[in-house]
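Protein chains in written order, with the working numbering: chain A, 34 to 145; chain B, 2 to 179; chain C, -16 to 135.
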Amino acid sequence: MTLYILCFILFCVGLYGVLRKRNLVKIIIGLGIIEYSMNLFFVLLGYRLQGRAPIDAQHQDILNMVDPLPQAVVLTSIVIGLGITALVISIAIRIYEKYGTFDITKIRRLKG
Amino acid sequence: MELHILLLFMILAAIIAIEIKDLLSSVIAIGSAGFALCLAFLILKAPDLAITQLVVEILCLIILIRATIRKDLPLIIEGRWFFNTISTLIFIAAFLLFAYYALKELPSFGHPMMSVVKKYLEEGTSKTGAVNLVTSVILDFRAYDTLAEATVLFTAVIGIMAVLRRKGRKEISEKDEY
Amino acid sequence: MNIKNQDSYTETGMTLIVKTVTRLTVGLILVYGIYIVLHGHLSPGGGFAGGVIIALSFVHLMLAFGRDIALRKVSKNTVSILESIGALMFLSIAIAGFLGGVFFLNILDKGSPFRLFSAGTIPLSNIAIGLKVGVGLFAIFLTLVILEGSKR
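And the structure:
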């Protein structure tokens, strides 16, 4: 139970970064922290005490494997997270070229 | 116990990454949090995820450093300090309230609900022939997820190429046409 | 390429030490990525991790030698074509399941477990995913680098 609460605290740190900071790179980093905490939470839900990794071994029967389903979901989620981070970074680079700053309050013009 | 230490380290690294002034130091702090997450996956018996997280973190760091290096950060004066902090705290409090209600319904740590997965664990190797059960789940039992993931990645690559396209096609000589 | 360009190529990139070490290690990294992709159904790894390792080997080459040397080996058009081939290969494996009746059916022979050639279409899907992820991520990095270079 303590691990779940620590995971939520990590989520809250990322949420604070996204909502409070005014630098675009800090906002991207906050999104990354939220992604870490969600991935870790899914894997924590599938863990079994004294479990083995979900890979069969030769000449023996393993019964106490951990849950492979959250791992499979998180595996796709990690790679999607990299794609999303790269997309947001490229948009931030374009904004920096156009306005010369990463500060979101200076980016006021909507057109052009 | 190791998991508690790793999670506390990740929280500390995340706070440093959010609060520090220098952008490069912030990127490096988030990298350390990612490597701690890789170790946590290894302790949680997920070697596939540990390998993937390690290599993805390296590539993510390279992209972030290339984006932030040689870009100086002007000193940002925080305006409307009171209003911003109060609204952020309200959002976090709402999240924690709903998390508290959800936490009572979750299974306790170490005793997952195995009702769906029991079938995969028993018949995975005999039905698909793959020894690694995570691979048999993502490429055989639940291959639709992977198809959608490939679509999302394809869309992200197309989006990046569209956003970062060079302007002024007339100026591009033949040598620059990679 | 004329001689003047050749001279400018030798100046780009990092120092001699980094270049020498890169020459020794980049092939090993590529081979390790291919190993991870091919053994995805037997050991930890699979298409995603192997694809990112393959992309990292090319990124390593590009960081050490400068962008022009790496672009002579892999051009942007090649990258686009290879990524489309990966996506189409995965989709055609999925559609080939219709031969047995259902989308994504594992139609090939399962073979015996713990062998390299087993598990039906799963190794083929791993190769397709690895190609797609690796080349896609390398395309992202290539676009960022070309943007940086065109600004100067």
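From the three backbone atoms N, C-alpha and C, an ideal C-beta is built for every residue, glycine too.
Contact of A51 (chain B) with chain A is not assigned, every C-beta pair being separated by 8 Å or more. Those residues of the region 111 to 126 of chain A placed with their C-beta closer than 9 Å to a C-beta in chain C are I111, V112, L115, G116, A119, L120, I122, S123, I126, ordered along the chain. For R85 (chain A), the three-state secondary structure derived from DSSP is strand. Residue pairing from DSSP places G111 (chain B) in a beta bridge opposite A:R81. DSSP assignment within the region 10 to 77 of chain B yields no whole beta strand (DSSP E) run of 3 residues or more. Neighbours of F97 (chain C) in chain B, taken as residues whose beta carbon is under 8 Å from its own, are V132 in chain order. Per DSSP, the unbroken alpha helix (DSSP H) holding G33 (chain C) starts and ends at 30 to 48. The C-beta of Q91 (chain A) has fewer than 16 other C-beta atoms within 10 Å across all chains shown, which makes the residue exposed. Distance from the Cα of L77 (chain A) is smallest, within the candidate group A:I95, A:L120, A:I66, A:C40, for A:C40. Between the alpha carbons of L11 (chain C) and T35 (chain A) lies a distance of about 43 Å. Not flagged as an interface residue toward chain A: F83 (chain B), since no C-beta distance is shorter than 8 Å. In terms of beta-carbon proximity, K54 (chain A) lines the interface with chain B, with at least one pair separated by less than 8 Å. Between E124 (chain B) and L134 (chain B), the alpha-carbon positions lie close to 10 Å from each other. Each of B:A68, B:S127, B:A131, B:K120 was checked against the Cα of L107 (chain C), and the nearest Cα belongs to B:A131. Chain-ordered, the chain C residues with CB closer than 7 Å to the CB of Q91 (chain A) read F97.
Annotation: the region 73 to 106 of chain C contains no complete segment of the beta strand (DSSP E) (minimum length 3 residues). P103 (chain A) places its beta carbon less than 8 Å from that of F75 (chain A). The three-state secondary structure of N133 (chain B), taken from DSSP, is strand.
Along the region 38 to 68 of chain B, the positions whose C-beta sits under 7 Å from a C-beta of chain C are P48, D49, I52, T53, V56, V57, I59, L60, I63, I64, R67, read in chain order. For L43 (chain B) and A86 (chain A), the gap between their C-alpha atoms comes out near 9 Å. Contact between the region 39 to 52 of chain C and the region 144 to 157 of chain B is not established, with fewer than three Cβ pairs separated by less than 8 Å. A straight line joining the alpha-carbon of A77 (chain C) with that of N109 (chain C) spans about 13 Å.
When the five nearest sequence neighbours on each side are left out, the beta carbons in the same chain lying within less than 6 Å of the beta carbon of N89 (chain C) are those of G103, T104, in order along the chain. For D94 (chain A), the three-state secondary structure derived from DSSP is coil.
Here DSSP, grouped into helix, strand and coil, assigns D100 (chain A) to coil.
Around the beta carbon of I6 (chain B), a 10 Å sphere encloses fewer than 16 other beta carbons of the protein chains shown; the residue is thus reported as exposed. A distance below 7 Å between beta-carbons, with the five flanking residues on each side excluded, links G29 (chain C) to the following residues of its chain, in chain order: G23, N109.
Taking the beta carbon of Y121 (chain B) as reference, the chain A residues within 8 Å of it are P101, L102, listed in sequence order. Ranking C:T3, C:L(-1), C:L127 by CA distance to the CA of A119 (chain A) puts C:L127 first.
For N56 (chain A), DSSP records a beta bridge to A:D136. With 16 or more neighbouring CB atoms inside 10 Å of its own CB, P48 (chain B) falls in the buried class. Taking the Cβ atoms as the reference, R53 (chain A) lies roughly 12 Å from I137 (chain A), outside the contact range of under 8 Å. In this structure, T126 (chain B) places its C-beta atom within 8 Å of the C-beta atom of D89 (chain A). For L25 (chain C), there is no enclosing alpha helix (DSSP H), as DSSP marks it with neither H nor E.
Taking 8 Å as the CB threshold, M98 (chain A) lines the interface with chain B. Shortest Cα-Cα distance from L122 (chain B) to any of B:G111, B:I52, B:F142, B:H112 involves B:F142.
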